[in-house]
Amino acid sequence: MLLAELFREERVRLSREAEDKPSVLREISRLFAADDPSLPEDEVYRVLMARESLASTGVGSGVAIPHGRVAGLDQIRAALLVHGEGVPFDAVDGERVQVFVAILAPEDKPSQHLRVLAEVSRLLRRREVRERLVSAESIADILDVVR
Numbered sequence: 002m003l004l005a006e007l008f009r010e011e012r013v014r015l016s017r018e019a020e021d022k023p024s025v026l027r028e029i030s031r032l033f034a035a036d037d038p039s040l041p042e043d044e045v046y047r048v049l050m051a052r053e054s055l056a057s058t059g060v061g062s063g064v065a066i067p068h069g070r071v072a073g074l075d076q077i078r079a080a081l082l083v084h085g086e087g088v089p090f091d092a093v094d095g096e097r098v099q100v101f102v103a104i105l106a107p108e109d110k111p112s113q114h115l116r117v118l119a120e121v122s123r124l125l126r127r128r129e130v131r132e133r134l135v136s137a138e139s140i141a142d143i144l145d146v147v148r
C-alpha cells in the first residue's frame with residue numbers, strides 16, 4: 002500500500018489547539034470518526050490510549066506514530082496532524098512532538114500494519130520532510146509533502 006493512498010484530505014489537520022497527549026489523541030480520533038462513521042471517536046481514542054499505555058509512540062525528532070488495531074476495520078487508515086509548536090508526548094528523546102501520523106489497522110492484518118508503520122517511519126526519518134510538514138501553511142501543503 003502506498004502512503005499517498007492513506008492520507009485523505011479529511012484526515013489531515015493543522016492544529017494549534019491540542020496541549021497534551023490526551024488532547025492530541027482526542028483530536029486525531031475526531032478526524033477518523035468524522036471521515037468514517039464506522040469508527041466511533043471514543044473507540045478510536047480508547048485504542049490509541051491503550052497503545053500509549055504500553056509505551057509512548059513518540060519516536061523522537063518531533064514525530065509520534067500513534068497506532069492500534071480495530072476489530073471490524075476493513076483496511077488500514079491513517080490520519081496526520083501537524084502542530085507547529087509541538088506538544089509534550091513522552092517522546093523517547095524528551096522533545097515536544099510536532100508531527101503525528103496515526104494508523105489504524107484491521108486486527109487480522111498485522112503484517113500490513115507493520116509494513117505501513119515502517120513506511121511512515123522511513124518517510125519521517127528524513128529531516129527535510131519533517132521541516133516541510135512543520136512549516137506547512139495548509140492541508141494542501143501537507144498533502145504535497147506526503148504524496
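Okay, so the sequence shown: first residue is 2 according to this note's numbering, each after it adds one.
Ideal Cβ placement from N, Cα and C applies to all residues, glycine included.
Write down the C-beta distance between Asp21 and Val88 rounded to the nearest angstrom, noting that I regard them as a contact closer than 8 Å. Indeed they touch by this definition, with Cβ atoms about 6 Å apart.
Would you kindly work out how many angstroms separate the C-alpha atoms of Pro111 and Val117, rounded to a whole number? 10 Å
For Arg9 versus Leu82, is the C-beta distance shorter than 9 Å? no
Measuring alpha carbon to alpha carbon, tell me which of Leu144, Ser122 and Arg128 ends up nearest Val60. Ser122
Taking only the alpha-carbon atoms, compute the straight-line gap between Val98 and Glu42 and give it to the nearest angstrom. 22 Å
Tell me whether the beta-carbon of Val100 lies closer than 9 Å to the beta-carbon of Arg131. yes
What residue range is occupied by the uninterrupted beta strand (DSSP E) comprising Arg14? Its beta strand (DSSP E) spans residues Val13 to Ser16.
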